[in-house]
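Whatever position you read off the sequence shown (first residue = 1), add 12 for UniProt numbering.
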Amino acid sequence: PSIIDPPKIHRLEESVVNRIAAGEVIQRPLSAVKELIENSLDASSTSINVVVKDGGLKLIQVSDDGHGIRYEDLPILCERHTTSKLSSFEDLQTISSMGFRGEALASMTYVAHVTVTTITSGQLHGYRMSYRDGVMENEPKACAAVKGTQIMIENLFYNMTARRKTLQNSADDYAKIVDLICRFAVHHINVGFSCRKLVLTSDSAAEFDKSIRAIHEEVRRRLANIYAGVMERVDRHRREHGAARADVHTVGTPSRLDAIRSIYGVSVARDLTEVAASDVNPSSSVFEMHGFISNSNYSAKKMTMVLFINDRLVDCTSLKRAIEVVYTATLPKASKPFVYMSIVLPPEHVDVNVHPTKREMIRRRNCDTPRAYVEKASNLVMVIVGQGSLVPHR
Ligand code: ADP
Ligand code: MG
Numbered sequence: 013p014s015i016i017d018p019p020k021i022h023r024l025e026e027s028v029v030n031r032i033a034a035g036e037v038i039q040r041p042l043s044a045v046k047e048l049i050e051n052s053l054d055a056s057s058t059s060i061n062v063v064v065k066d067g068g069l070k071l072i073q074v075s076d077d078g079h080g081i082r083y084e085d086l087p088i089l090c091e092r093h094t095t096s097k098l099s100s101f102e103d104l105q106t107i108s109s110m111g112f113r114g115e116a117l118a119s120m121t122y123v124a125h126v127t128v129t130t131i132t133s134g135q136l137h138g139y140r141m142s143y144r145d146g147v148m149e150n151e152p153k154a155c156a157a158v159k160g161t162q163i164m165i166e167n168l169f170y171n172m173t174a175r176r177k178t179l180q181n182s183a184d185d186y187a188k189i190v191d192l193i194c195r196f197a198v199h200h201i202n203v204g205f206s207c208r209k210l211v212l213t214s215d216s217a218a219e220f221d222k223s224i225r226a227i228h229e230e231v232r233r234r235l236a237n238i239y240a241g242v243m244e245r246v247d248r249h250r251r252e253h254g255a256a257r258a259d260v261h262t263v264g265t266p267s268r269l270d271a272i273r274s275i276y277g278v279s280v281a282r283d284l285t286e287v288a289a290s291d292v293n294p295s296s297s298v299f300e301m302h303g304f305i306s307n308s309n310y311s312a313k314k315m316t317m318v319l320f321i322n323d324r325l326v327d328c329t330s331l332k333r334a335i336e337v338v339y340t341a342t343l344p345k346a347s348k349p350f351v352y353m354s355i356v357l358p359p360e361h362v363d364v365n366v367h368p369t370k371r372e373m374i375r376r377r378n379c380d381t382p383r384a385y386v387e388k389a390s391n392l393v394m395v396i397v398g399q400g401s402l403v404p405h406r
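Take a look at the structure:
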């Protein structure tokens, strides 16, 4: 048999290592938006505005009115593992901020062009600088700024051709971003959110110019009835290119039901039942849950599950399934439920550092198993259904 020489092992270049790692944290435009919004929330913002171009590949811009970033921190802002939120590993036990790894901004600079504008309170002007591959590219430039921080991510995955190609073919990234923001807005009701799509790239701007010129011609030719025609065209352009309208727009409100109504619509909010439960057992394990779940008037083809555990937006397939089963077993129609649920567990029962995108968490050993919590939550839903609270009240 022929002998195969073992391939030689060599060290990868640091830039390659960083780009690979960054691609795991920032998997698609949606992950960048999520990280940026979480940073804005961690900065105590009350208003967060998102602008997206080309599904996020061309531009993602998140502006907030939070506490801003100190001048002296700007040089290391986008280095890997720089954070203001965690000092020791033990802090992870009780951390309440959503960020803690100092990896999000750094990762974005390895796969996109990042520009930050920020101002801290009491300052007369802000600073703007751009970052690439973890490094600040220029000295901070003084600039006009309103309260807070604005982060611009341009040309996402410009250096990852395959990823960019795949994403270019997926049409639903913008919809996913809107959906994500709706979820945050349901939970963080004291924060106003908005999300807008911009499609005026140089191409469509040129097209727009052209159509305006054509309109001018027409104005000259047919002065009399042209006005209506112009308005119609501009309107259509706006509609088709999403020029000005926000796709999510919320203002802070003390009522969660109002928030849900403004985000998911009257027809959803009308058919919801408020649920709450807490369970304090002697071993000082605390479980608290509150939320809004749909009643039997509600009808939808797909289940909407908005789940926050300790204020983190997460997925929990087992809980989702369990609740879905309760509904299917109880309601005659094949309608899927709407569920908003916020669960609070002792922070030390939860390990937030499991998933690179932090979408999943696991319970630590020696604590209640995930199953126990899933059962508690779904039992509760079952009790409510059993008591007939889901029966139409109209
Ligand atoms: P992490 O959130 O895990 O700390 P990031 O890379 O997301 O890591 O952010 C790094 C640091 O930059 C944060 O710890 C925070 O101090 C600062 N920062 C990022 N975004 C904002 C923002 N919108 N407002 C204020 N500070 C921010
Ligand atoms: Mg972060």
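Don't be surprised by glycine CBs; every beta carbon is placed ideally from N, CA and C.
Cβ-heavy atom distance between residue i and ligand 2 below 8 Å?
i, result
"M120", "no"
"A124", "no"
"G78", "no"
"L117", "yes"
"D54", "yes"
"E50", "yes"
"E47", "yes"
Between the options, which has its C-alpha nearest residue i's C-alpha?
i, options, result
"G138", "V351, R82, F101, V203", "R82"
"L357", "E84, T106, E219", "T106"
"R92", "R40, I131, S27", "S27"
"L48", "E336, D76, I21, V29", "D76"
"V156", "G146, E166, T132", "In the sequence as presented, Val is not what sits at residue 156; that position holds Ala. It is T132."
"H302", "P152, S330, V351, R195", "V351"
"V123", "L104, K188, Y143, D85", "Y143"
"M343", "F196, G35, S308", "In the sequence under discussion, the amino acid at residue 343 is Leu, which differs from the Met named in the question. Of the listed residues, the one whose Cα sits closest to L343 is S308."
"I272", "M353, V37, A334", "M353"
"R113", "A34, R40, M141", "A34"
"D184", "R40, T340, D363", "R40"
"H199", "E115, S99, I275, V64", "I275"
"D363", "G134, S108, I88, S99", "S108"
Quick one: what does DSSP say residue i is sitting in, helix, strand or coil?
i, result
"H79", "coil"
"N61", "strand"
"L48", "helix"
"R245", "helix"
"T285", "strand"
"T265", "coil"
"A271", "helix"
"R23", "coil"
"S279", "helix"
"D66", "helix"
"Y339", "helix"
"D259", "strand"
"D85", "helix"
"S354", "strand"
"R176", "helix"
"I32", "helix"
"D363", "strand"
Quick check: is any heavy atom of ligand 1 less than 8 Å from the C-beta of residue i?
i, result
"T161", "yes"
"K97", "yes"
"I131", "no"
"A57", "Residue 57 is actually Ser in this sequence, not Ala. Yes; taking the cut-off as 8 Å, the Cβ of S57 has a heavy atom of ligand 1 nearer than that."
"V326", "no"
"I355", "no"
"G35", "no"
"F112", "yes"
"V62", "no"
"S108", "no"
"L89", "yes"
"V280", "no"
"E94", "It should be pointed out that residue 94 corresponds to Thr in this sequence rather than to Glu. Yes, ligand 1 has a heavy atom inside 8 Å of this Cβ."
"residue 425", "No answer is possible for residue 425: the residues shown for the chain start at 13 and end at 406."
"D103", "no"
Excluding sequence positions up to five away, which residues of its chain have a Cβ less than 7 Å from the Cβ of residue i?
i, result
"G78", "S52, A55, S56, S57, G160, T161"
"E50", "M110, G111"
"A118", "C90, E91, R92, G146"
"L192", "L42, V45, K46"
Taking 8 Å as the limit between beta carbons, can you name the residues of its chain near residue i, skipping five residues before and five after?
i, result
"E336", "M315, K348, P349"
"I15", "none"
"residue 427", "This structure cannot speak to residue 427, because the chain is shown only from 13 to 406."
"R31", "Y122, V123, N171, M172"
Excluding the five sequence neighbours on either side, which residues of its own chain have a C-beta within less than 6 Å of the C-beta of residue i, listed in chain order?
i, result
"R175", "F169"
"M164", "Q73, T127"
"C379", "Summary for C379: the model assigns pLDDT 41, below 50, so the residue's position carries little reliability, and this model does not support an answer."
"S59", "D77, G204"
"P404", "Per-residue confidence for P404 stands at a pLDDT of 37, beneath the threshold of 50, marking its modelled position as unreliable; no derived number is given."
"L402", "Interpretation of L402 is limited by its pLDDT of 42, a score under 50 that renders its predicted location unreliable; no figure is taken from the coordinates."
"L71", "K65, E166"
"Y339", "P349"
"K188", "L42"
Point to revise | Runs of beta strand (DSSP E) wholly within the region 89-171 (minimum 3 residues, chain order) | key: 125-131, 138-144, 153-155, 160-166
**Study point:** In chain order, each alpha helix (DSSP H) run of at least 4 residues that lies wholly inside the region 179-229
**Key:** 185-199
Review point. Which runs of the beta strand (DSSP E) fall wholly inside the region 297-337 and span at least 3 residues, in chain order?
Key: 298-306, 316-321
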